[in-house]
Structures are given as structure tokens and as C-alpha cells.
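A.B. asks: Here it is: the structure, laid out below.
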Amino acid sequence: MFQGIQCVVQGADHIKKGMICQDAADYKASEHYGIAVAADGHGSAKYIRSDIGSKKAVQCAIGTVSQYMEDYDRFSRKIRENSGYVLRKMSEHFLASWTAAIEDYHDANPLTEKEKEILRMAGADESSLFTYYGSTVLIAVLAEDYYYGMLVGDGGFVVIDEKGTAGIPIEDKNSRANYTSSICSKNSIDAVESFFAEGKPLAMCVSTDGLIKSFGCEEDFLDYHVLLAPMLNNVENCQVSLLKNLNKRTSQGSGDDISISVIFESGRIADSMELLKQVIAESRARKKVREEQEALERKKFQEQQERRRQQILKDELAEMEKKKKHYREIQKKIDRKEKEAQKKLEEAERLRAEAQRSMEEAQKRRSDLDNRMEEKSREFQESEKRIRSLREEVQNMEKPVEKSIETILKTGTIMGAKIIEKTQKKLSSLLDDSEYEEQFVYGDAEKDDPFFPYEDLEEELLPEKIPFVQPQETVQEESEEVPTDNEEEVKE
Amino acid sequence: MSEMNLNFEDVEFDDFCEEVQAENDDPLEAMAPAKKSMVLFFVIDVSASMRGERINTMNQVMRDVLPELIGVGESTTEIKVAVLAFGSGFEWITPEPMILEEYQRWRDLEAEGVTDLGAALLELNQKMSRKSFLQSPSLSYAPVVFLITDGCPTDNYKAGITALRSNNWFKHGIKIALALGNGVDMDVLEEFTGDREFVVKANNLKEMTALVRAISVTSSQIGSKSMPVGESNGELDESSVEGSKQEQMREALKDLKADIMSESGDYSFDVDEGW
Numbered sequence: 013m014f015q016g017i018q019c020v021v022q023g024a025d026h027i028k029k030g031m032i033c034q035d036a037a038d039y040k041a042s043e044h045y046g047i048a049v050a051a052d053g054h055g056s057a058k059y060i061r062s063d064i065g066s067k068k069a070v071q072c073a074i075g076t077v078s079q080y081m082e083d084y085d086r087f088s089r090k091i092r093e094n095s096g097y098v099l100r101k102m103s104e105h106f107l108a109s110w111t112a113a114i115e116d117y118h119d120a121n122p123l124t125e126k127e128k129e130i131l132r133m134a135g136a137d138e139s140s141l142f143t144y145y146g147s148t149v150l151i152a153v154l155a156e157d158y159y160y161g162m163l164v165g166d167g168g169f170v171v172i173d174e175k176g177t178a179g180i181p182i183e184d185k186n187s188r189a190n191y192t193s194s195i196c197s198k199n200s201i202d203a204v205e206s207f208f209a210e211g212k213p214l215a216m217c218v219s220t221d222g223l224i225k226s227f228g229c230e231e232d233f234l235d236y237h238v239l240l241a242p243m244l245n246n247v248e249n250c251q252v253s254l255l256k257n258l259n260k261r262t263s264q265g266s267g268d269d270i271s272i273s274v275i276f277e278s279g280r281i282a283d284s285m286e287l288l289k290q291v292i293a294e295s296r297a298r299k300k301v302r303e304e305q306e307a308l309e310r311k312k313f314q315e316q317q318e319r320r321r322q323q324i325l326k327d328e329l330a331e332m333e334k335k336k337k338h339y340r341e342i343q344k345k346i347d348r349k350e351k352e353a354q355k356k357l358e359e360a361e362r363l364r365a366e367a368q369r370s371m372e373e374a375q376k377r378r379s380d381l382d383n384r385m386e387e388k389s390r391e392f393q394e395s396e397k398r399i400r401s402l403r404e405e406v407q408n409m410e411k412p413v414e415k416s417i418e419t420i421l422k423t424g425t426i427m428g429a430k431i432i433e434k435t436q437k438k439l440s441s442l443l444d445d446s447e448y449e450e451q452f453v454y455g456d457a458e459k460d461d462p463f464f465p466y467e468d469l470e471e472e473l474l475p476e477k478i479p480f481v482q483p484q485e486t487v488q489e490e491s492e493e494v495p496t497d498n499e500e501e502v503k504e
Numbered sequence: 027m028s029e030m031n032l033n034f035e036d037v038e039f040d041d042f043c044e045e046v047q048a049e050n051d052d053p054l055e056a057m058a059p060a061k062k063s064m065v066l067f068f069v070i071d072v073s074a075s076m077r078g079e080r081i082n083t084m085n086q087v088m089r090d091v092l093p094e095l096i097g098v099g100e101s102t103t104e105i106k107v108a109v110l111a112f113g114s115g116f117e118w119i120t121p122e123p124m125i126l127e128e129y130q131r132w133r134d135l136e137a138e139g140v141t142d143l144g145a146a147l148l149e150l151n152q153k154m155s156r157k158s159f160l161q162s163p164s165l166s167y168a169p170v171v172f173l174i175t176d177g178c179p180t181d182n183y184k185a186g187i188t189a190l191r192s193n194n195w196f197k198h199g200i201k202i203a204l205a206l207g208n209g210v211d212m213d214v215l216e217e218f219t220g221d222r223e224f225v226v227k228a229n230n231l232k233e234m235t236a237l238v239r240a241i242s243v244t245s246s247q248i249g250s251k252s253m254p255v256g257e258s259n260g261e262l263d264e265s266s267v268e269g270s271k272q273e274q275m276r277e278a279l280k281d282l283k284a285d286i287m288s289e290s291g292d293y294s295f296d297v298d299e300g301w
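Chains as they are written, first to last, in my numbering: chain A, 13 to 504; chain B, 27 to 301.
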């Protein structure tokens, strides 16, 4: 006997935003098969009646499958013969029944003014009737010795096989992030994913995307179903547990509506309890290993990053060492230059001191010279004074000198006439005397002197008549000395 | 996993039962919920032209911004950070999107080489996938991709941009580019973001610091925000690719530009002055 369980919880974000729950889920358990269906009505404003759309999808799915499987043996034979064709036909019938159901509902419940206003605000086209009811759908069918499924749009489709292993046989290829295929699209038949398989799985679960999005990885999502499997042995407890857990998953995880529907054979779950416990233990061990591996990978990455960082630091350190060495060399050069500069400075200091000393000496000398010059200047002034007085004396003496010269010239003229006369007389006598000629030739100094015969004239005229002025020599000597001193001073 | 050597003898189910007993007798309580999350991708140019003041400033601002990003989103939201550096080739500085609390020690980037933007964008496209960096089911929001560069691509950047444009995560994400100085080909950045208004230019180091910080924080806030009724354009509506978040980011960028440029004071000064 087949059994089922379903649970639908309103999304935490939907509650926050005042949105209604747009998910729907149901199951049908019959003698030969069980059907589990979950549908997720789209969340945007233009899908204004998607909650109805999802409910209709669940109803139509169960209705279509039930209709097809009414003659169980015939259906089983047909689907084994050509599962692709049968599944395609079933899908078409399901979509047709859904559109018919939507049309019927819409005719019976035309849009209210409030709904029209919301649609206008959302910029939706009022003629696109099916869009208002847009939804995904996931249909799982578990028969006695085979199973199959179909889906349009995102969500989770999980099969727990005879070994207790969870797997995902189909998923929407178009779904990414918040975008998904929909049964309201014109080409929705092309978005249908389906599968058929022989075998007797322990359970088949379909859930809306709110559930899978509350897991960090697909493995956790599958492990969740493995955990759920043994709980199916007590449907009442499982129902309570699921409701509580799904509420937690939406509030702490996806925030979206979550619905799940599970179909299974009750007796087989009870028979497989030990196996399931073992599988759970294995999956826990695997998870532990996986987590350890991930932690190891993270650690490895962090270590690798740390190594890279350290390498960068090492390189920087080496570069800094290089620079340090370079700077040390520069420092040495600077030190050397500094020493040299110090020496030069000291030398300069010494020279400066010497210069200072020389300057002081020079100043002293200058001062001495100034003193001397002052003294000389005084002397010079005195000399000048004396010169001036001497000049005056000379001027005073000029007249008597001129008189003396005049007298001399007069005397000279008289003497000259007398000498010429005497000489002429003497020459006449000599011309006749050859002895005179000989004396003249061998050079008697006294006889050479032309004035020699004037001795008696000197005695006669000079001593009284020509006054000789001695002071003239003194004047000349004084005036020569003064310029000599002046010259020396200038040189210094 | 198959290569792991598990020793299940160590893990007794009774022990497990005792553990779950402590968790209110509810096995489901053993599995803690994960917060909603969003990845902020930093794509940073570390080519030779970034040497000196630019890379030093970049390192400093990243050291500052990492702690600032903690708690930026709503209380039930977690921001993760992935850093891709590109120069001659590329290097993921983070091995995967890192939870901010666990990634606070920034390793300084060094600048050298050419500007292989194309190679970096191809790599970004590869990692921006459910099979790679974006495998966590808790990723409830499209990522924010923040490109920071000071030069022109030296490789075939168009191949990278073409690949990214067909990536649904990138398509729906918030893309922002920050040009440092005048040497940047703004048309390339416009091709990257798909919109000139999402290209911002920093004229000097002061603006660079302010813009990197402000854009990181603001884009994370907007990117990780649950959209209220009436703002979200919702599922598979291709016309909403730019979406309400893009609009909010556009407005935020206008405000940021105005604020930061007015702080700088003069629009007419030499744009390369101060680098």
C-alpha cells in the first residue's frame, strides 16, 4: 500500500511583505501507485493569482496521472514500450487540463477592480490570462516496479532508491537564481523535463525551490531527504517535525514558501529501517569527511595564501635588505665624506685662526704704521714749514747772490780781458821758444791749467768782492731727505 | 567522493541518535538552514600599467572593503566574494566564492604583464555555472560582476564577451566596469556591461578608492535584496533581464558619480593628474 505526506509553509519573506502563500502540494496514494505533486506559484505582482495557479496545477497533475493510470496494467505496458512518447502525451494533457481549469476559474472569477489596479501598476498586460496564474510544477509517480516523473520549473525532485541513497533524476535546465521555467509560458511543453525508470525506490519527494535554497550544497539537500526517509515510518510525528523544520528553514534560510510532497510504500520503509540508519550513518560520516576536506581545503588555501603573503614579505624584506646594504654603503661614503669634511673644517678653522692672527698682526702693524705715518706727517709738515722758511731765506738771499754774480761777471770780464792779454803775450813768447813746446807736450799739470797764471788775480779780486753763500747746500740736502721717507711709507 | 576511504565503524548510529536526541528528538534539526547568498565577482586588472600607486591603492581598498561587506545584505543573506586577477593570463585569487567572514586576509596583488581581458572573461564564463562556482543551491540572487581595469585588452576580448553574453547568470547579473584613468577603451567596457551608464571612470586615486568601495557595497546591497511585490519582473520574462535591480543600480551609480565627482570638486582638471 502506498502512502504519502505533504507539508506547505508560508515563506518568511512573504509574511514580512504581506504576501499570501503561493505554494501548493498534495499526494494521492492508491493500491498500485502513489503520486506526489508540489507547485510554486510565481511571486511577482503580475502573477496576481499564482496561488490559484499552483493549486490548480497540483489538482490537474494528480487528475491527469490518475486518468492515465486508471488501467494500471495497460499503462504499465505502454510506458515501458515508449516512455518518452507517453510522458510527452501526459505532459501535454496536464498542461491542457491546467489551462482549461484556469479558463474555467477565470470565467467564474473575473478580475476584481483591485486586482486590475495592481496589474496596471505592475505594467502587466491584462490579456495574458495565464500569466496571472503562473506556477511551476513537479510530479513524482511511484508505481509497483517502476517510477517516473515530470517537472516544469525549478524545485527539488529526489528519489530515495532501494539502497537508501538519495539522488536527483531531473531538474529544470533553465533555472538560475530567481529565474525559472513556468507552466504559463507559451512554450511550456518544451520546458518539461521527464524521466522513466524501472525499480522500486523507497520514496520519491518533490519540493518547491524554497526548500533546496535553504541548503548550502546539494549534498546537504540530499542528506536531508535521507534523514526524512526513516521518519516516514511514523507519518504523524513526521508531519509535525516537517512543519516545524520547514518553518525554520524559511525563516533562517530561503525566506521563500516551502512545500514538499512525499510518496512511499509504508511497509517498505519499516523493512528498510536498519538499512536507512546505516545510510544515515554513512551520509553523516561522508558529511564529516566532506566538511573536514572542505576545512582542509580552506586551510590549504589559507596556508597557500599565507605562503604567498610570506613570500611577498620575504621578497620585500630581501629588497629592503638590499636597499639597507646600499644605504649602509652610502652611509659609509657619507661618514667618509663627513670625516674629510671635518678635517677640512678643522684645517679651515686653523687657517681662519691663522688668518685672524695675521689680521691682528696686520692691524697692529697698520696701527704702528699709522702712528709712524702720523709722526712722519708731523715731521713732513715741520719740514715743509722749514722749507717754506728756507725758501723765504733763499728768496731773501737771491738778491745779494744776483749782485755777487753780477760782480763776478763784471770781475770775470775784466779778468778775462787781462788773461787774454797775458795769454796772447805769453803765446807770442812761446811761439818763439821751442822749450815751451816740449813742456806743453809732456803734461805739466800746472802748466796745462789755462787759469794757472791768474793766481795773483785771485789774491787781488776774489776774497773781498765775491761773497759765497754756503746755506744753499743745506736747503738742497733737506729737500732730498723728505721725499725719501715718503717713498718708503707708500711701499709699506 | 567515491575515492574517499570512509571508516563507518567510527560512526555509530546510536551516537547519531544521541546527537539528534539533543536536537529536540528531531533528525531534521541536524541539518542547519543555509542563508540566501549572492556572489560578488571582482575582475581586477593586474597588468604592468597598474604598477605602483594604482595596484597599491587597489590592494589597500580591497583590504578595507572586505570587512565593510560583512553584513551588507539582509540578515538572512550572505555575500560571497570571488576574485579573478588578469594580466598575462589570469589567476583566481579565491579558489571558490568565499564567505566574507572567512576571507578577510587580502593577499596583495602584484602588477605585471599584458592585459588578457578576453582570456579572463572566458574563464569567468566557465566558472559562472551551476557546475562550478555557482553550485550552491542557496544562491538566490544573480551575481554582481565588477570589472576594474586601466588599459585596453591585448587579446581577443570579444570572444570572452560573446561567451558571457550567452551565460544566463551573467545575463541576469549586475555588471559594472570601473575605468582607471584615460587609457581605457570605454567601448570595450560598454560591451562588457551592455550599458554605458554602468561604466564609471575614476580620474584619480582618491576617486578610485571611493568608487571601488561604494560600488562594491551598493551593488551587493542591491544584488542581494529580495525584491518586493511590484518591483520584480519575475520568472522567465526576457524583457526583465535588466530587471528592477539593474534600474536600482543605474540610479545608484548616477548618485555615486555625482557624489564622488562633486567631492573631487573640479570636472575639468587633468584626468591623469594624481595617479
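Beta carbons are placed, not taken as given, at the ideal position from N, Cα and C, and that holds for glycine. Since the model is a prediction, treat every value here as computed from it, not as a measurement.
Using the C-alpha atoms, what's the distance from GLY30/A back to GLY267/A?
C.D. replies: Looking at the two C-alpha atoms, the distance is approximately 13 Å.
A.B. asks: Any contact of the stretch 98–114 of chain A with the stretch 75–83 of chain A, i.e. 3+ C-beta pairs under 8 Å?
C.D. replies: Yes, they touch.
A.B. asks: Tell me the residue span of the beta strand (DSSP E) that contains VAL20/A.
C.D. replies: Its beta strand (DSSP E) spans residues 14–21.
A.B. asks: Counting only Cβ pairs nearer than 9 Å, list the residues of chain A close to GLN161/B.
C.D. replies: Going along chain A in sequence order, the residues near GLN161/B (Cβ under 9 Å) are CYS229 and GLU230.
A.B. asks: Going by beta-carbon coordinates alone, are GLU97/A and PHE87/A separated by less than 7 Å?
C.D. replies: In the sequence on display, residue 97/A carries Tyr and not Glu. Cβ distance not < 7 Å, so TYR97/A and PHE87/A don't count as in contact.
A.B. asks: Hey, could you find the ends of the alpha helix (DSSP H) LYS201/B is sitting in?
C.D. replies: Premise fails: LYS201/B lies in the beta strand (DSSP E), 200–206, not in any alpha helix (DSSP H).
A.B. asks: If I follow the unbroken beta strand (DSSP E) through SER273/A, where does it start and stop?
C.D. replies: Unbroken beta strand (DSSP E) run through SER273/A: 270–277.
A.B. asks: Please name the residue or residues paired with ASN63/B in a DSSP beta bridge.
C.D. replies: The sequence shown places Ser at residue 63/B, rather than the Asn named in the question. Paired residue(s): GLU104/B and LEU165/B.
A.B. asks: For the alpha helix (DSSP H) holding THR244/B, just list the boundary residues, first then last.
C.D. replies: Taken as a continuous stretch (DSSP letters only), the alpha helix (DSSP H) holding THR244/B covers 231–249.
A.B. asks: Give the interface partners of ASP173/A over in chain B, defined as CB-CB distance under 9 Å, in chain order.
C.D. replies: Here the premise fails: no neighbours, minimum Cβ distance about 16 Å.
A.B. asks: What in chain A is Cβ-close to ARG133/B, meaning under 8 Å?
C.D. replies: Per Cβ cutoff of 8 Å: GLN317, ARG320, ARG321 and ILE324.
A.B. asks: To the nearest angstrom, how far is the alpha carbon of LYS61/B from that of ALA24/A?
C.D. replies: So the alpha carbons of these two residues sit roughly 13 Å apart.
A.B. asks: Express the C-alpha separation of VAL226/B and ASP281/B in angstroms, rounding to a whole number.
C.D. replies: If I take the Cα positions, the gap works out to 12 Å.
A.B. asks: Is the Cβ of ILE224/A closer than 7 Å to any Cβ of chain B?
C.D. replies: Output row for ILE224/A: interface = yes.
A.B. asks: Is ASP181/B helix, strand or coil by DSSP?
C.D. replies: In this structure, ASP181/B counts as coil in the three-state DSSP scheme.
A.B. asks: Check the Cβ of ALA108/B against every Cβ in chain A and list those closer than 8 Å, keeping chain order.
C.D. replies: Per Cβ cutoff of 8 Å: no residues; ALA108/B is ~13 Å from chain A at best.
A.B. asks: Assuming TYR160/A and GLU210/A are in contact, meaning their beta carbons sit under 8 Å apart, how far apart are those beta carbons, in whole angstroms?
C.D. replies: Actually they do not touch by this definition, with Cβ atoms about 10 Å apart.
A.B. asks: If contact is defined by three or more beta carbon pairs under 8 Å, each pair taking one atom from either stretch, is the stretch 125–141 of chain B in contact with the stretch 161–172 of chain B?
C.D. replies: Taking 8 Å as the limit for Cβ pairs, the verdict is that the stretch 125–141 of chain B does not touch the stretch 161–172 of chain B.
A.B. asks: Looking only at its chain, what residues have a beta carbon closer than 6 Å to the beta carbon of ASN151/B, apart from the 5 residues adjacent to it on each side?
C.D. replies: Cβ neighbours of ASN151/B beyond the five flanking positions: ALA189, LEU190 and ASN193.
A.B. asks: In terms of residue numbering, what span does the alpha helix (DSSP H) encompassing ILE74/A cover?
C.D. replies: Where ILE74/A is concerned, the enclosing alpha helix (DSSP H) stretches over 62–80.
A.B. asks: Nearest to ASP90/B by alpha carbon, out of GLY78/B, PHE218/B and ASP134/B?
C.D. replies: Among GLY78/B, PHE218/B and ASP134/B, the Cα nearest to that of ASP90/B belongs to ASP134/B.
A.B. asks: Could you check whether the Cβ of LEU54/B sits closer than 7 Å to any Cβ belonging to chain A?
C.D. replies: By this cut-off, LEU54/B is an interface position.
A.B. asks: For ILE342/A, count neighbouring C-beta atoms within 10 Å of its own C-beta (all shown protein chains included) and say buried if the count is 16 or more, exposed if not.
C.D. replies: It counts as exposed.
A.B. asks: For the stretch 240–261 of chain A, enumerate the residues whose C-beta is nearer than 8 Å to any C-beta of chain D, in chain order.
C.D. replies: Going by chain labels, chain D is absent from the structure shown, which instead holds the protein chains A and B.
A.B. asks: Closest to ILE272/A by CA distance: which of TYR39/A, HIS26/A and LYS260/A is it?
C.D. replies: It is TYR39/A.
A.B. asks: Decide if the stretch 196–216 of chain A is in contact with the stretch 168–176 of chain A; the criterion is three or more beta carbon pairs, one per stretch, under 8 Å apart.
C.D. replies: Output reads yes: the stretch 168–176 of chain A touches the stretch 196–216 of chain A.
A.B. asks: How would you list, in chain order, the residues of chain B whose beta-carbon sits under 7 Å from the beta-carbon of ASP137/A?
C.D. replies: Per Cβ cutoff of 7 Å: no residues; ASP137/A is ~11 Å from chain B at best.
A.B. asks: Determine which residues share a DSSP beta bridge with GLY424/A and list them.
C.D. replies: None; GLY424/A has no bridge partner.
A.B. asks: Quick one: is PHE313/A near chain B, going by C-beta distance under 7 Å?
C.D. replies: For PHE313/A, the answer is yes, since a Cβ of chain B falls inside 7 Å of its Cβ.
A.B. asks: Pull up the distance between the alpha-carbon of ASP235/A and that of ILE292/A, whole angstroms please.
C.D. replies: Using only the alpha carbons, I get a separation of about 8 Å.
A.B. asks: Starting from ARG364/A, find everything on chain B with Cβ-Cβ shorter than 8 Å and list it in chain order.
C.D. replies: Simply none; closest approach about 50 Å.
A.B. asks: Out of ALA37/A, ILE27/A, CYS33/A and GLN22/A, which one is the CA nearest neighbour of GLY16/A?
C.D. replies: Ranking the options by Cα distance to GLY16/A, first place goes to ALA37/A.
A.B. asks: Would you mind working out which of ARG362/A, ALA152/A, CYS19/A and LYS185/A sits nearest CYS33/A, comparing C-alpha positions?
C.D. replies: Comparing Cα-Cα distances from CYS33/A to each of ARG362/A, ALA152/A, CYS19/A and LYS185/A, the minimum goes to CYS19/A.
A.B. asks: Please list the partners that ARG310/A has in chain B, where partner means a Cβ-to-Cβ separation under 7 Å.
C.D. replies: Within chain B, the residues near ARG310/A are GLU128.
A.B. asks: So for PHE159/B, helix, strand or coil by DSSP?
C.D. replies: PHE159/B: coil per DSSP, three-state reduction.
A.B. asks: I believe ILE60/A touches ILE130/A by the beta-carbon criterion, under 8 Å. Please report the beta-carbon distance rounded to the nearest angstrom.
C.D. replies: Contact holds; Cβ gap of about 6 Å.
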